[in-house]
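Reviewing the structure listed below.
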Amino acid sequence: MPVIIKEPKDIPYLFMKAWNNYDAKGIAALFYEDADFVNVTGKWWDNKIDIWKAHDFGLRIIFQNSKLEIIKVKEKILQENIAVIHAHIRLIGQTANEVEKVDERQTMFLFVAQKEKESWLVVSAQNTDITGEQTNIRNKEGVLKSVSYKEKKIISKEKHGKIDNKGSR
Numbered sequence: 150m151p152v153i154i155k156e157p158k159d160i161p162y163l164f165m166k167a168w169n170n171y172d173a174k175g176i177a178a179l180f181y182e183d184a185d186f187v188n189v190t191g192k193w194w195d196n197k198i199d200i201w202k203a204h205d206f207g208l209r210i211i212f213q214n215s216k217l218e219i220i221k222v223k224e225k226i227l228q229e230n231i232a233v234i235h236a237h238i239r240l241i242g243q244t245a246n247e248v249e250k251v252d253e254r255q256t257m258f259l260f261v262a263q264k265e266k267e268s269w270l271v272v273s274a275q276n277t278d279i280t281g282e283q284t285n286i287r288n289k290e291g292v293l294k295s296v297s298y299k300e301k302k303i304i305s306k307e308k309h310g311k312i313d314n315k316g317s318r
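Quick note on the numbering used here: the sequence shown kicks off at 150 and runs consecutively.
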């Protein structure tokens with residue numbers, strides 16, 4: 150039986166409910182057949198079956214003891230049948246792998262939803278880890294690390310010569 154989603158802002162809550170019940174089919178039911186999903190590592194699935202397979206694996210192996218909690222949801226209706234939904238989500242209970250202790254993660258979900266007939270479904274979704282830093286950088290070993298440039302010292306114009314309004318010295 151297809152899921153009926155009356156309001157686009159319900160999508161993150163339905164995602165959370167399916168996740169917390171370890172129900173990959175329930176997650177996939179929120180998406181159109183040709184929907185896209187990009188996870189926190191940039192893996193991109195471009196159909197409902199692959200979205201289901203990825204979440205089925207994840208909920209059995211990576212997140213089998215996890216729970217999601219919604220912190221905040223923001224909805225923007227772009228047209229009467231198109232909406233963007235942001236959801237700030239807390240994840241606890243991820244399975245440890247190459248770390249001694251697994252801590253809580255917070256992510257920002259972006260759902261783009263479309264309404265057909267009386268129900269909304271997800272056209273595209275992206276999940277991004279919230280690191281608290283400004284950007285990511287890859288080191289010479291190829292490891293991606295979140296970094297902040299806030300503490301970097303700014304080289305003063307006076308020390309390196311005046312810059313005119315054309316950008317030359």
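By construction, the Cβ of each residue, glycine as well, lies at the ideal position given by its N, Cα and C atoms.
Closest residue to residue i among the options (Cα-Cα distance)
i, options, result
"V222", "F180, F260, D183 and H235", "H235"
"Q275", "D195, N169 and A173", "D195"
"K202", "N214, G191 and F186", "F186"
"L259", "V272, A167, E265 and V251", "V272"
"Q287", "V296, V261 and K225", "Note that residue 287 corresponds to Arg in the displayed sequence, not to Gln. The shortest Cα separation from R287 among V296, V261 and K225 belongs to V296."
"K299", "L293, G291, V292 and T284", "T284"
"L227", "D159, A184 and K264", "K264"
"E253", "W168, L217 and P151", "L217"
Sub-8 Å separation of residue i and residue j beta-carbons
i, j, result
"Y162", "L270", "no"
"N214", "T256", "no"
"A220", "I238", "Correcting the residue identity first, residue 220 is Ile in this sequence and not Ala. Yes, the pair counts as a contact, with Cβ atoms nearer than the cut-off."
"E267", "I153", "yes"
6 Å Cβ shell around residue i - same chain, five flanking residues per side excluded
i, result
"A173", "W201, H204, D205 and L208"
"P157", "E224, A232, I234, A262 and W269"
"A177", "K197, I200 and W201"
"D159", "none"
"G175", "A167"
"N188", "N276"
Residue i - partner residues in DSSP beta bridges
i, result
"F186", "W194 and A274"
"F180", "V271"
Contacts around residue i, its chain only, beta-carbon distance under 7 Å, and the 5 residues preceding and following it disregarded
i, result
"L293", "N285 and R287"
"I211", "Q243 and T244"
"D278", "V189, R254 and T256"
For a minimum of 3 consecutive residues, which ranges assigned as the beta strand (DSSP E) are wholly contained in the segment 269-305? 284-287 and 293-296
Starting from the N-terminal side, write out each stretch of the beta strand (DSSP E) that is 3 residues or longer and does not extend beyond the segment 201-270. 216-228, 231-241 and 254-265
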